[in-house]
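For reference, the structure discussed in these notes is given below.
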Ligand code: UDP
Ligand code: MG
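Numbering (my numbering), first residue to last: 13 to 328.
Here is the structure:
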């Protein structure tokens, strides 16, 4: 008997893409069942992330028409990462492996086959990695790649060019459920779980309908969250900076004493003003960074729920 696969798809205002996504997924899942790779108890689980359009109606309709489709309705919009987590934690109860992907099918669904093969070869986590970024605008490509590089530099162990398209086994998901953090950055957490992992490459396509739900503002917030949730390097950098500033100011002091002894002591007003501003600026930035971490601690200590599920539609 083949294992049960659940495909979790978070959806935020995706009425334009959902019917087509469902159609393509149905074909894919059917062929996987026929090939004997997955059990016929496998499902496609859409998570409605508090959409204000007809997304949930469409999910309900799909579920009524075909038991292949399941739905999870969140109480309100919680953002992609939380919606995904809600789906994963719901799906793990019914399945042996779960694949997460986006509603717009930018991630090639044909990579699912090799992901499942790797799963049967004993991998608990299989990362989908995009082989090229030709379909992205120069801006998106540049910002995304700088983001990965910055994350690496900051010491967060994330897989290059991997978004949230991945397969996870039941026990990997059970591991994930033990991470209680509120500042959720799944790409950073999953490698922390451990177990055997591998990657599968695929070409990423363009969105076939609708527009990106990740405007620049959300992207920047996401990147910033990613870095500050995983690394305390920014604090270390500030400490190092402060250290060098101390050494520098001692040197400057010695120098000004020498100048004074030599009787050449008209003080440079410009350099004085400049240094006051510089130090002031550095102090404010430092306080800001420290504040950021305190903000995180504050949020974590409240232990608020990361999502609340309103309804689950599932035909086991
Ligand atoms: N999404 C979500 N909640 C949000 C924003 C986005 O569940 O608040 C979902 C969205 O429906 C899609 C996925 O996250 O399935 C990725 O979003 P999108 O394709 O817009 O991002 P991009 O591919 O442009 O980075
Ligand atoms: Mg997309």
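Idealized CB from N, CA, C, for every residue including glycine. Everything numeric in this text was worked out from a predicted model, so none of it was measured.
Taking the Cβ atom as the reference point for each residue, do residue 196 and residue 94 lie within a distance shorter than 8 Å? The residue you call residue 196 lines up with position 184 of the chain shown. The residue you call residue 94 lines up with position 82 of the chain shown. Contact flag set, yes.
Which same chain residues end up closer than 6 Å to residue 45 when comparing Cβ atoms and leaving out the 5 residues on each side of it in sequence? Reading the chain shown from its first residue, position 33 is the one you call residue 45. Closer than 6 Å at the Cβ level, and outside the excluded window around residue 45, lie 52.
Indicate whether the contact test is met: 3 or more Cβ pairs, each with one atom in the region 221 to 232 and one in the region 129 to 149, closer than 8 Å. no
With three or more C-beta pairs closer than 8 Å as the rule, is the region 235 to 245 touching the region 194 to 210? yes
With a cut-off of 8 Å, does the C-beta of residue 155 fall near any C-beta of chain B? The displayed structure is made up of one protein chain only, and chain B is not part of it.
How about residue 120 and residue 215: are their beta carbons less than 8 Å apart? In the chain shown, counting from the first residue as 1, residue 120 sits at position 108. In the chain shown, counting from the first residue as 1, residue 215 sits at position 203. Cβ distance < 8 Å, so residue 120 and residue 215 count as in contact.
Assign residue 117 to one of three DSSP states: helix, strand, or coil. Translated into positions along the chain shown, residue 117 becomes position 105. Residue 117: coil per DSSP, three-state reduction.
Under 7 Å: does the beta carbon of residue 93 sit that close to some heavy atom of ligand 2? By one-based count along the chain shown, residue 93 stands at place 81. No, Cβ of residue 93 sits at least 7 Å from all heavy atoms of ligand 2.
Evaluate residue 122 with the Cβ neighbour count: other Cβ atoms within 10 Å of its Cβ, from every protein chain shown; 16 or more gives buried, anything less gives exposed. Against the chain shown, residue 122 aligns to sequence position 110. Result: exposed.
Segments assigned beta strand (DSSP E), at least 3 residues, entirely inside the region 64 to 105: 81 to 86
Can you list every residue whose CB sits closer than 7 Å to some heavy atom of ligand 2, going in chain order? 114, 116, 118, 219 and 224
Have a look at 325, 327, 23 and 319 and flag the residue whose alpha-carbon is nearest the alpha-carbon of residue 87. Counted from its first residue, the chain shown places residue 87 at position 75. The shortest C-alpha separation from residue 87 is found at 319.
Suppose you measure from the CA of residue 25 to the CA of residue 67; what does that come to, to the nearest Å? Looking up residue 25 in the chain shown gives position 13. Looking up residue 67 in the chain shown gives position 55. Rounded to the nearest angstrom, the two C-alpha atoms are 6 Å apart.
For residue 59 and residue 99, I'd like the C-alpha separation in whole angstroms. Counting from one through the chain shown, the residue named residue 59 turns up at place 47. Counting from one through the chain shown, the residue named residue 99 turns up at place 87. Rounded to whole angstroms, residue 59 to residue 99 spans 6 Å at the Cα level.
Between which two residues does the alpha helix (DSSP H) containing residue 140 stretch? Indexing the chain shown from 1 puts residue 140 at position 128. Counting along the chain, residue 140 falls outside any alpha helix (DSSP H), though it belongs to the beta strand (DSSP E) covering 137 to 142.
Who are the Cβ neighbours of residue 328 in its own chain at under 8 Å, not counting the five residues just before and after it? Numbered from 1 along the chain shown, position 316 holds the residue referred to as residue 328. Within the same chain, residue 328 has close Cβ partners 53 and 106.
Quick one: using the 10 Å Cβ neighbour count with 16 as the cut-off for buried, is residue 118 buried or exposed? Along the chain shown, read from residue 1 onward, the residue named residue 118 stands at position 106. Buried is the call here.
Around the C-beta of residue 329, are 16 or more other C-beta atoms found within 10 angstroms, so that it is buried, or is it exposed? One cannot answer for residue 329 here, as it falls past the ends of the chain, which runs 13 to 328.
Residue 240 bridges to which residues according to DSSP? Start at 1 with the first residue of the chain shown, and residue 240 comes out as number 228. DSSP lists no partner for residue 240.
If the criterion is Cβ atoms closer than 8 Å, does the pair residue 23 and residue 82 meet it? As a working note, residue 23 is residue 11 in the chain shown. As a working note, residue 82 is residue 70 in the chain shown. In this structure, residue 82 does not lie closer than 8 Å to residue 23 by Cβ.
Would you say the beta carbon of residue 207 is closer than 7 Å to some non-hydrogen atom of ligand 1? Reading the chain shown from its first residue, position 195 is the one you call residue 207. Not under cutoff, so the answer is no.
Is residue 169 buried or exposed, if buried means 16 or more other CB atoms sit within 10 Å of its CB? Locating residue 169 in the chain shown gives position 157, where the first residue counts as 1. Burial call: exposed.
Nearer than 7 Å: is that true of the beta carbon of residue 177 relative to any heavy atom of ligand 1? Counting from 1 along the chain shown, the entry for residue 177 is found at position 165. Incorrect: residue 177 has no Cβ contact closer than 7 Å to ligand 1.
Supposed close pair residue 160, residue 151 - CB separation, criterion 8 Å: Within the chain shown, the letter at position 148 stands for residue 160. Within the chain shown, the letter at position 139 stands for residue 151. Not really, about 15 Å apart at Cβ, beyond 8 Å.
What is the residue span of the beta strand (DSSP E) that residue 323 lies within? As a position in the chain shown, residue 323 is number 311, starting the count at 1. First-last of the beta strand (DSSP E) with residue 323: 321 to 325.
Simplified DSSP assignment, three categories, for residue 58: Position 46 of the chain shown, counted from the start, is the residue given in the question as residue 58. Three-state result, residue 58: strand.
Going by the beta-carbon positions, is the gap between residue 302 and residue 247 smaller than 8 Å? Looking up residue 302 in the chain shown gives position 290. Looking up residue 247 in the chain shown gives position 235. Yes. Within cutoff.
Taking 7 Å as the cut-off, is the CB of residue 157 close to at least one heavy atom of ligand 1? Translated into positions along the chain shown, residue 157 becomes position 145. No, the beta carbon of residue 157 sits no closer than 7 Å to any heavy atom of ligand 1.
Using alpha carbons as the reference points, say which of 249, 27, 144 and 219 lies closest to residue 165. One-based indexing of the chain shown puts residue 165 at position 153. When each option's Cα is compared against that of residue 165, the closest is 249.
Test item: CB-CB of residue 73 and residue 138 under 8 Å: Position 61 of the chain shown, counted from the first residue, corresponds to residue 73. Position 126 of the chain shown, counted from the first residue, corresponds to residue 138. No. Outside cutoff.
Distance, Cα to Cα, residue 19 vs residue 157? To locate residue 19, count along the chain shown from 1; it is residue 7. To locate residue 157, count along the chain shown from 1; it is residue 145. Between residue 19 and residue 157, the C-alpha separation is close to 27 Å.
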